[in-house]
Each structure stands twice: as structure tokens, then as C-alpha cells.
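What follows is a set of notes on a single structure, which appears directly below.
Residue numbers (the UniProt record's numbering), protein chains in the order written: chain U, 1 to 337; chain Z, 1 to 337; chain C, 1 to 337; chain S, 1 to 337.
Okay, structure coming up:
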């Protein structure tokens, strides 16, 4: 294969983002996009760089030239689409999470294994320059043995309450990235979680049965402890900080800003707010993510973020929900298949 | 009363520190110090600024001129000494914790109330310039309603394993300061804790039945969540950082360093390590703590860090130990007397 | 005109950089590149995105489709090429400096004016996000009236001594960017300079009659003072900092780094070095520079960095050389044409 | 001598500051203070810790117990008082500058040498923790050979115009500290200066014949270049930053602040302003300065900041004034006596 011929299912915010990056990759032919609301996407489509648009995702699956599928539709459709794409022997990039159901996810996993296609799950933060450098230094034993991992991960604005139900809840929707970062940075599995949550940002989120503020404690297989704090609303912007602490040192990654200017005046010294949200903050990581996936496909190599990574993050999210509901620590199953 | 005539019980590290500060306070007459090992303290005593030294603390309690006692002896002696000092109508400054036993502590509290003397517990960090300014801005609603409080508190070196047993364990010995800071900064009581611990720094600490690494989740009466992470060993120095996050902003206090120099060379850009340990880091806070206590005595005012603050921090530490042992969240009793 | 058809003269480091950016601009057709050593560029040419390569720049000038020329050859050829390109009515992007001779530069300027083509000089730093934001805030009176402007501009490594002679010297080769930044940020002309120089980095540079270390004082038309310090070698990387100070505040732009990680270990706290050199540091600014120039051409608008900007920076460099030679302040002529 | 018996001439701002520090030094007996306006100082005197107050400085000179004089009166009186104090064989601490006249200063120097008394000039910034650590690292060759030294030194508010005439002008009054820091940090003499000045802050200062904004270029004996920028008004506070750059690295000292808090809200990220002025910023350095001087006296050792340091800083200030007036670089005479 010398070119990835790509079909994209779902032209929402994240689908458009991927298409925008795919069209800049010279190894990609962006052949088709499907979206239920394709009729409303005419204007965007003109400059999208995609050849065809359809309301029916089957058109993509049936297309014989297309060898690679990007699944960017709602989570509830992921497992089914993965299975169908795998059956058609197409390589798959799927947004997180795979599904809200362990069984559905494992079924999809089996089909991907049987098909032998390359699969990558959309944990884009692994490709952020700060975090990938942090991982690299942890691997190089710069902090020795990890003792404590700390992630602060707060969104700038809460989602519309209507989104809550389809989101799978805070842990599955938002913390899932932090669970993946925890596994990625530590290089160790999470064996137990203990979650505390609160509804402090928007009562409407509580009415939908979800929380908007959380503190999650993690226990790693290597003995280290971890802690994640999440909020659906940080008024100063997207707060994304990580710290790893070990027996010979610590590494701290701070927020990214638009400029590094400091402004001194007669009241205070001002610095830029953190970049506003994931489109700004993780812009570069999405590009690297996509390009690495395309390279894997063309090179016939396994993707660096595997199906198993998707399964584990999903399980940890489910364990957190159970811990929140039962007010107890919950063990995480690490056996797959 | 126009002068505090002070007797100090215990001339260990912290006792000497207080005497060194007391001798610089023009409102203080530093009359006597007692220590079981007074015989070994001759050289220090010459320049200590204290008038008399004795091996028998009763000499201090019986001295009619002495109106103020600083209790700097091991924790196991605190409750008894508090009761004796109160009975003698002497004002009391006592190092933390009050005791390891709820009953003993409450008994001592009763006696102090009956005696009507002024009592202050040694939570010196409240007097640190960064943290007291943080408290002041939280009170001024600069961050709105608090949602998350985060404390990182790590010692530079683990204590000798022999110290572990008399220390009361990590929560009572070390985290207790963080519990007090949590109450102080939030202005809200802690209603529940959930603690995870590990023995990662020194196996000898584990053999003594204690942990050296911990992540503690707090639930506040006002609904906020908190998290404390502790380690007995940060190789880069004393790591003391606090962050409060609310619905209209966040405040972050970083470590203090010896100088603010940045050193650029061909390998990296270097900055100073955090100040090494509490003597360096909290030097100024100890001075303010002592002077404010003396001011309260001379002015006949209640101290700003009360007996109740000592009771609550001790209870939270005990609840953490229970949570660690039972692997469950544990409620904290807020009723006193 | 709906597409810029570009010919590039000179495929050295800077020429390749521009071609790499041009090929990503959908409004550009990258038709031809000329280089005396085209024979050695076969491998690069394969993936360059340029349609044709030639050893003869005349091929570019004669090509009727080509409407835009990028002049990336040595400075000694700039003025002549500008005149020829202007005569052919081609739009011109020219690297700095225009020439080493006031007369040659003014002659070229005349011809560009007569031809009515769009001309942009390669002062890429104006397009850096930190500096353009600084300019914008200065314009918005965030610092009030400017009183002092400070630029630190140091290269990571000295050039090979053989390069010195063709470079035009430190002021013309290196400080010229700082002169442009001074005019750009202040929005005011420089009326007088006073330069001090030294040969501290490499004696071979001194033997070629140049300096490698300089401190330059500027006097602005608006009364403000400025100071630039330059070095040919900062062992810690490319040092590019700017500060503007006015009667109601100050703005400070720091270096950019590869990551924002802080690494705490038992010796020090380490941060990333500044990005190594201009290719890394100003990568984004080159992209914006090129794209804005292409936009101007397609829109028939004057470029934001004009021929006059090139003339003034060159004059300031010459005045600095005179000041260094005569040890006196030297006035800068601001009259053009 | 086992105790410094001190007389202080002048109870203005700086005199009071020294007395406040002297009274805390156990090796000092603070015997007398003289001030022309002693009658207005009654209230202050009560808590000053000084034994006697007089309107006549001769009382101090004649007092046989007093062995040490602090000269804190206006500059115009310094040289005369130094001579008188030296003749009385009293050790002398004198505020900067020694005088406005080279001849007067050298005369005073001769008399101090003849008397063999210990003399220290009040360049307190040498005792600042950041700058003394910087000096120490420069001495240890951490930056290799110094190439460039940069000092930013800006006052928060301009003085009252009436003060200008008695101040000796910006260079003698304000930059003189920076001249001393330049010599101290570089360990090298200044051989030439070139000064540019402007009147941008307050027209009344210009009317008095002085400038309020300056950029000064220095040439060091070791070949390095230096630059100082001064302003009489930085609205954000006392701006005191220093940077030394050499062939193997650079050291940067930033401003000091009241707390290290960062405050994130929905508009910006705020940090503390620099400490307001010299009383706050250099508080600790004044204490170290005084205590080291007292130690020298009691130990019979020469002071670390010598009469020669005072002479050189004064000469550099005068050379700057000449450079400003003549618009040329001016050589600095380094021969003394």
C-alpha cells in the first residue's frame, strides 16, 4: 500500500479536525466523508479537501478503494462500526471511548484481531510534545521509580446538560484521557481506583445523574499512587498539568499559552491564560497522532495506541463510576481475551 | 500583664527554634528551659538567651513568675503537661499534635477551658506569607466558591526508622500540618477522608508498620473536594505547594528558593532547588507564630490557632489511619465537648 | 491573479526553508528554482515540491507564467536581481539585507516603485506570535508612551570566519533584524545610534575585521531610548528576548523552548534551553511571513514589510558601523527619495 | 574592642533604617544620634533604641566612648564628616556617594588612610542574596569569561524635583549603585563609559537640568561590555534585574516579590508586582551590610566595600555626566593616590 485512502464517518467537531489534518498529509487520499446531516455541510465541504460526501456510512464501507476508516461518530455507534470496518479489512482509527459496554468492546476487539487490521484509538494527548517528552524521560529513569503521579485536567466550560447522557458521564467522557495518560506515563497498569465526585459547577448536570468535579485516586501495579482531579469548568481556560514524582526526581508539565509575554503595570503582572480548549491546546498532537497512524498503515506496523489501550481506559472509567456509586475502592480487571 | 515570662519544656530542635525566636521578642523574658538531657546542653545554653536550665520540668510549672509555657517535648507528654500547666493558670503554646488519643486530648481541652488560659497549637504554616495571603484572598472570594483544594507536601529525607513508632505515623506526624492547612485555607470543616498509602521510600518504615507515601482525598462540609499527596522523601528538597480552585479562579503557591537566579549553560537552564526543610522554609512563619502568640497573651486575646484546631487535625489524622486500614472512606466527627 | 506562480533564486538554507513553506500554501504554484549548484541538489529536488530546477536564474526571470520571485541568493546579488525582477513586472520577496550599498539599494527601490510591483523584505521576526502581540499591545497603548526598548539577540554559534567578509559584518548580518524590530515595536524611527563592539568570541572574526559582541544604543524620534546587545555565541542556544518599557507599564517577551517541562532532581531544577537557532525559533514566523506575502500579492495590497523598512534597517546598520569606527554617536538619515 | 559603640549622624530615612538594624545587633551599643531636626524626632526616639539624641554632630565626634560613626547626612556633608571622624580615630560607615567632588573625596581618602580606621561605603546591594550568589558563581567561572553585563535599575516613583539639585543628578544619585554592582559582579574595572539620557518622566526634572531616563554603555578592563538602563519611574514597582553573560553561560537575577502566588481568573494570570522600593527590596541586604561592617570593626579587618569602591563609583558617575554633556565616550581614571 503506498497511499492511505481514507473514509471518515462523522463530520462533527472532531471529524472535521481530523479531515483538516489528513488533507495536509501527502500520503493520504481523503476520499469520502459520511454524516447524517451531510445536507447542512455543503459550505464546509467545498474547502474540506474531501472528494465525496454522503449521508450513508455504508457507502464508505462498501467503497473498495478506501482502505482506512476514521470513526468520528457518537460513541454509541463505535463498536458496531469497528466490527463492520474490520470485516471489510479496513484499517481503523476510532475516537475514544470504544463503547460504554465491556461486552461490546471485547466483541469489537475480537473482530479486529481476526481481521488483522491496524487499529488506533484516539488518545491524542500521548502525542503532545510535553507529555511525550515526559514519558521518554520517565522511561529513561530520570525520576527513578515512580512514586506519585498527579494529573490536573479541567475543561474551560461545562457541556450542555443535554450532552451529559450521551457522554457516558464525566469519567468516560473526560477523565478517560487522564486514565490513558496515567498508563502511558507510568508504563504500569492501574490495579485499583477510588473516586470521589461532586456536583458543584452546574446543578443541571447533577439532575442528569452526573458529577462535574472529581478527585480520583489510582493504585498502579508497580506500587505507585496516582491522583487525578477533574472539573467541568475552569474559568481561566483548559487546565492540563501533569506531574510525576519518583525516588530520584520529579517532572512537571505546565499549561501552554498563546504567547509568553509578561505585562507589568501598576496593578499586577499579567501572563497569558492557558490555551482555551482542546482544539487550541492539542492542535499539534492531533496532527502527530494522525500522521503516525498513517505511517503505521503504510509501513504495516501496529499502531502505538492499541485497542487494548482503549479497553483499559474504558474499564478504569467504569471502575471509577462503581467506586463513586459504592463509595469503595474498586479493582480493575487487567485480563483481556 | 506587660511581659510574657516564658518557660520552655523540651530543648530539642523545635524547642531551640522557639527559644531563638523568643529571645528576640522584646515583650518576652525567657526565664527557664527544662530538658532531660540538660547536662549535654551546656554549650548551647551559654548563648541561648535563657536565664536558667533544669532537668525537671516541674521547676517551670512551680515557678511563680513564669506565666507562659512552651511545650516542645515528645507528643506522648503533651496532654499531661497541658493539664498541669492549665492547672497552674499558665498560658500554653503546644507543639502539634496534642496527643495520639482522642480521650487524652479532650481531657486536656476541658482543663484548658476550665482554667481560662490562652492556648495555641503549633500550626506554624498558617503564618507563612504565601499561605496567609492565599487564605486572605480565598476569604475575599477571589476564587469564588472553592471546588478543589490540592496540597503537595513532601519531606526531603525520611526520618530514622526508630522515630516512626513515637511519631504516631505519617498522618499524625506529617500530614497533620496539611489537614490544618486544608481547614485553614478552605474555612470549612472536613467531613470525610479516604486515604491510600504505600511503603515505597524505605522498607524499614514499612517494617515499623507505617507508610511513607500517601494520597488522601478530603470532602469538605461546603461540598468541595480536596487532595493531599505526601512523601517522606523528595530528593530535590522540601516540596510544599498548595492550590485552591474555585468557580471564579484559582490560586497557586509554589515552593520557595534560596535565590531566584537562573543559570543558562550548554546543557540546561538551572534554577534553585526548593529550600531544604522546614527550618529554612518556614523560618519566618515560626517567628510570626511566636510573636502573634505573645501579642495575644499580652493583649488577653484568644490565639488564632485554637485548641479546637488541634483536636480537628488529630481526628482527621486518625480517620485517615482508619481509612487506610479498612480501605474505606471514614467520616470525621466535628462535635466537640 | 488567482495563484502566485513562484520562482525562487537560491536554494541555500533560507531558500529551501521558503520553498518548504510555499509548497504547503494552496494559493502557490512553485514553478522553478535556480541555484548555481543545482547539480548537487538532485536528491532534495525530488521531494521539494518545485516543478523545475535550473542553474540559470534568467530562466526564472524570462518565464512568463512566473509572477513572483523569491530572492534567496547572497546579498551581493540582491539589488541587481530586484531591478531585473521589477523590470519584468514580477512581485518580489527579498531576503535581508537589500544590499551593502546605499546607492545600490536606492536604485533598486526606484525601479521597484516605477514597476509598481509588490515588494516584501524578509524581516520574519515581525510575524512571530510573541513579538506581533507585543507590537499590538504597544499600539493599544498598554505601556503608554515608550521610554526604553531592550533587545537581547544572541546566536548560538559563531559563523565560520570565511563567512564574515560576505556577511557585511555583525551589524548588517545579525543586528539588522534587531534594528527592524526596534522600528516595528516602537512605531518610531531611529534618529541616532551609538555602538560599542568587541571581539571576544573568536579571534578569527577579529582578524577578518569584524566584531562578535556588541552593545548598541538607539535614540528614537519619539524621544525613547533603546539598547540592543548582540553576541555571536550563546552556548545555551539562540537568545531572543525583547522588553518594552513605558510610562504606564512594561511588556517582556522571553525565549521559546521545546517543552515546558521542569525537572527536579537532587542537584538542581532544570528547564529546557531556548530553541537552538532561527530555523527552530522562528519556524512559525517564516510560515506566516510567506503566507501574508502571498495574500498581499493575490489581493493586490502592499506588503506589511516594505522596501523602506529594508532601506532604514540597512542605514542603521551602516550608522552603527560608522559609530563603532569613529567612537561617536551617528545620526541616521530618514529621508528617502 | 569587644563592642561597637555607635554614633549616627543624620536621622533621615536611611539613618533610621541603619539604627533599626544596629539596635538588633548584640555587638552594638547604639549610643547617640544627631540630627538638625532632633526636636521633631521625639516620638521616634522613644522606641529607637538609641541612648541619646542631639542636634549637634560634634557631640558624637567628641564622645570618647563612641568608636564608630555612621554618616547618614546629606552628601554635601560627607567628606567633611569623614575627615573629622578619621581625625578622631573613629571607624566610619558612610552612605554613598562620598561627595560630588573628586578632590574632596581624595582628601577624605587620604585622611582615612592616615588615621588607619576601618571604612565602609554604603553599597548595600552587594549584600543581597541574589547578587552575592551571582558574584560568587561568576568568581567560580560558572559563566566562563564575562562578555556582557546587563543591569536594569528603575525606581518606582520620581523624587520631588526639589531633591534633584542636591542629589547630584541621576548618575550620581541612582546609577551609582549600578556602577558599583558592575564592578562587583565583573571583578573588573570600568575603563570607559558612554551615556545617553532623556527627560521623559517629569518635565520638572528636566527643568532642574537633570535626566530621568538613561542608557549607559560600559567597557570593562577585561574587554567585556556592559549596559545599564535607568528610569526614575516604573509604575509597576522597583525594577532591579541583573544579567551576566559569558562564554560558557549566563546568570539572570529577577525581581523579588512579596509572595509567589499565581492567581488565575477569567481575564489573565496575575503574579505579584516587584517589591515596591529599596526599603522592601533590600531590607535584608541592609542588615547583612551593617552586621558585616560591625564584624570587621570588632575583628580589626578591612571592610569588604572599601573607600576605593566609593571613589570609583563616583568617578564613573562623573564620566557618565561628561559623556552625556559631550555626546562622546569618556575614559575613566583608575589611578588612585
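Ideal Cβ placement from N, Cα and C applies to all residues, glycine included.
Close Cβ partners of residue i (< 8 angstroms) along its chain, the five nearest in sequence each way excluded
i	result
residue 76(C)	99, 100 and 166
residue 247(Z)	143, 144, 145 and 147
residue 298(C)	1, 2, 3, 4 and 27
residue 36(C)	55
Counterpart residues of residue i in DSSP-defined beta bridges
i	result
residue 230(C)	153(C) and 214(C)
residue 7(S)	32(S) and 69(S)
residue 262(C)	252(U) and 271(C)
residue 242(Z)	151(Z) and 253(Z)
residue 115(Z)	Paired residues: none, contrary to the question.
residue 94(S)	71(S) and 121(S)
residue 195(Z)	216(Z)
residue 146(C)	246(C)
Per-residue burial, residue i [other beta carbons within 10 Å of its own, 16 or more giving buried]
i	result
residue 264(Z)	buried
residue 194(Z)	buried
residue 127(U)	buried
residue 324(U)	buried
residue 266(S)	exposed
residue 220(U)	buried
residue 103(S)	exposed
residue 114(U)	exposed
Beta-carbon neighbours of residue i, restricted to chain U and to distances below 7 angstroms
i	result
residue 265(C)	248 and 249
residue 196(Z)	194, 217, 219 and 225
Contacting residues, own chain, Cβ-Cβ under 7 angstroms from residue i (five flanking each side not counted)
i	result
residue 316(C)	179, 190, 193 and 332
residue 258(S)	272 and 275
residue 184(S)	126 and 135
residue 303(Z)	118, 119, 120, 293 and 296
residue 285(Z)	124, 125, 127 and 128
Same chain only: Cβ atoms within 6 angstroms of residue i, ignoring 5 sequence neighbours per side
i	result
residue 85(S)	69 and 92
residue 122(U)	95 and 96
residue 5(U)	29, 31, 65, 66 and 67
residue 243(C)	150 and 252
Cα-Cα separation between residue i and residue j, rounded to whole angstroms
i	j	result
residue 200(S)	residue 47(Z)	55 angstroms
residue 213(C)	residue 159(C)	13 angstroms
residue 116(S)	residue 64(Z)	54 angstroms
residue 87(Z)	residue 80(Z)	11 angstroms
residue 161(U)	residue 281(U)	24 angstroms
residue 23(S)	residue 270(U)	40 angstroms
residue 234(C)	residue 239(S)	25 angstroms
residue 291(C)	residue 296(U)	31 angstroms
residue 309(S)	residue 50(S)	30 angstroms
residue 197(U)	residue 164(U)	15 angstroms
residue 140(C)	residue 131(C)	14 angstroms
9 angstroms Cβ cut-off: residues of chain S touching residue i
i	result
residue 270(U)	267, 268, 269, 270 and 271
Proximal chain S residues relative to residue i, where beta-carbon distance stays under 8 angstroms
i	result
residue 285(Z)	The premise fails here: residue 285(Z) is roughly 13 angstroms from chain S at the closest Cβ pair, so nothing lies under 8 angstroms.
residue 8(C)	Result: empty, since nearest Cβ-Cβ is about 37 angstroms, beyond 8 angstroms.
7 angstroms Cβ cut-off: residues of chain Z touching residue i
i	result
residue 235(C)	265 and 266
CB contact below 7 angstroms: residue i versus chain D
i	result
residue 75(U)	The chain labelled as chain D is not found among the protein chains of the depicted structure, namely U, Z, C and S.
Where residue i meets chain C, residues with beta-carbon distance less than 9 angstroms
i	result
residue 253(U)	259, 260, 261 and 262
Chain C contact residues for residue i, given Cβ-Cβ distances below 7 angstroms
i	result
residue 312(U)	Correct list: empty, because the minimum Cβ distance to chain C is about 26 angstroms.
Within chain Z, the residues that residue i reaches when beta carbons sit closer than 9 angstroms
i	result
residue 134(S)	259 and 261
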